[in-house]
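Below is one structure, written out as structure tokens; the observations come after it.
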Amino acid sequence: MMNKEEALVVFSGGQDSTTCLFWAIRQFKKVYALSFLYGQKHQKEVELARAIAQDAGVEFEVMDVSFIAQLGQNSLTDTSMVMDEEKPEGSFPNTFVPGRNLFFLSIAAVYAREKGINHMVTGVSQTDFSGYPDCRDGFIKSLNVTLNLAMDEQFVIHTPLMWIDKAQTWALADELGVLDLIRNKTLTCYNGVMGDGCGHCPACKLRREGLEKYLSTK
Ligand code: ZN
Numbered sequence: 010m011m012n013k014e015e016a017l018v019v020f021s022g023g024q025d026s027t028t029c030l031f032w033a034i035r036q037f038k039k040v041y042a043l044s045f046l047y048g049q050k051h052q053k054e055v056e057l058a059r060a061i062a063q064d065a066g067v068e069f070e071v072m073d074v075s076f077i078a079q080l081g082q083n084s085l086t087d088t089s090m091v092m093d094e095e096k097p098e099g100s101f102p103n104t105f106v107p108g109r110n111l112f113f114l115s116i117a118a119v120y121a122r123e124k125g126i127n128h129m130v131t132g133v134s135q136t137d138f139s140g141y142p143d144c145r146d147g148f149i150k151s152l153n154v155t156l157n158l159a160m161d162e163q164f165v166i167h168t169p170l171m172w173i174d175k176a177q178t179w180a181l182a183d184e185l186g187v188l189d190l191i192r193n194k195t196l197t198c199y200n201g202v203m204g205d206g207c208g209h210c211p212a213c214k215l216r217r218e219g220l221e222k223y224l225s226t227k
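In terms of the numbering used here, the sequence shown opens at residue 10 and continues consecutively.
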């Protein structure tokens, strides 16, 4: 029997998924957070995620899916690769991890089913579209149908950030009362620097520009 008042958040401890975690806490009676080890260079992000989840009183679990790093090359898991700072014309930046959200959400669905949870939340957005096809709305809707067919369940995948940009994501964090927490305790930076980050990687630039834009409109 599925519990309609519980949700599972795919949770990395970054700005987006932390905003989603607190969004879910407001929407649902009980929230679970699931993090993944996929061979990322900065595995401490999982420990930051655990700390945020514990402080928020959310049940937290980590799944080891490091086989993803063995399947293909990308600069988030391969220490010998230099990270693309800009999106190359006509292709994805090498920070793209092929299949990542496909694996994460599929594993999350099986995990959710075991726990009797039918709501799942993910922080993907196609507004700040970095070239990642598995962050787009069409993919999420398609996978939602597939997961339901695969397990004969009625999962609902929520994407609260799908149509909002980084400035609006900061606005949402502020509305949820967690702007400072997200600003200081999350890790979005590709170079593994917490809070405001290294300042020059693509993730830091996007995050900072969004924050400046939001703060200037307050
Ligand atoms: Zn950075």
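Virtual Cβ for every residue (Gly too), placed ideally from N, Cα, C.
Check	Outcome
DSSP three-state assignment for A159, whether helix, strand or coil	helix
Ranges of the alpha helix (DSSP H) found wholly within the region 100 to 126, counting only runs of at least 4	109 to 124
Cβ contact (3+ pairs, closer than 8 Å) linking the region 38 to 45 and the region 172 to 190	no
Neighbourhood of A62 by C-beta, 6 Å cutoff - its chain only, sequence neighbours within 5 removed	A42 and F69
DSSP three-state assignment for V154, whether helix, strand or coil	helix
Spatially closest choice to V154 from V74, T226, S115 and W172, by CA coordinates	S115
DSSP state of A16 mapped onto helix, strand, coil	strand
Endpoints, the beta strand (DSSP E) within which S26 is located	Run containing S26: none in the beta strand (DSSP E); it sits in the alpha helix (DSSP H), Q24 to Q36.
Within 8 Å, strictly: CB atoms of D174 and G219	yes
Where A60 falls, given that 16 or more other Cβ within 10 Å makes a residue buried	exposed
Buried or exposed by the 16-neighbour rule on C-beta atoms within 10 Å, applied to D25	buried
Counted within 10 angstroms of its Cβ, other Cβ atoms place N193 as buried (16 or more) or exposed	exposed
Contact set for T195: own chain, Cβ-Cβ below 8 Å, skip 5 residues either direction	G22, G23, Q24, T27, L57, I61, M203 and G204
Extent of the continuous beta strand (DSSP E) run through K227	Looking at the DSSP string, K227 is not in any beta strand (DSSP E), and its letter there is neither H nor E.
Local Cβ density within 10 Å of Q49, reported as buried at 16 or more and exposed below that	buried
Pairwise C-alpha distance: G125 and L152	19 Å
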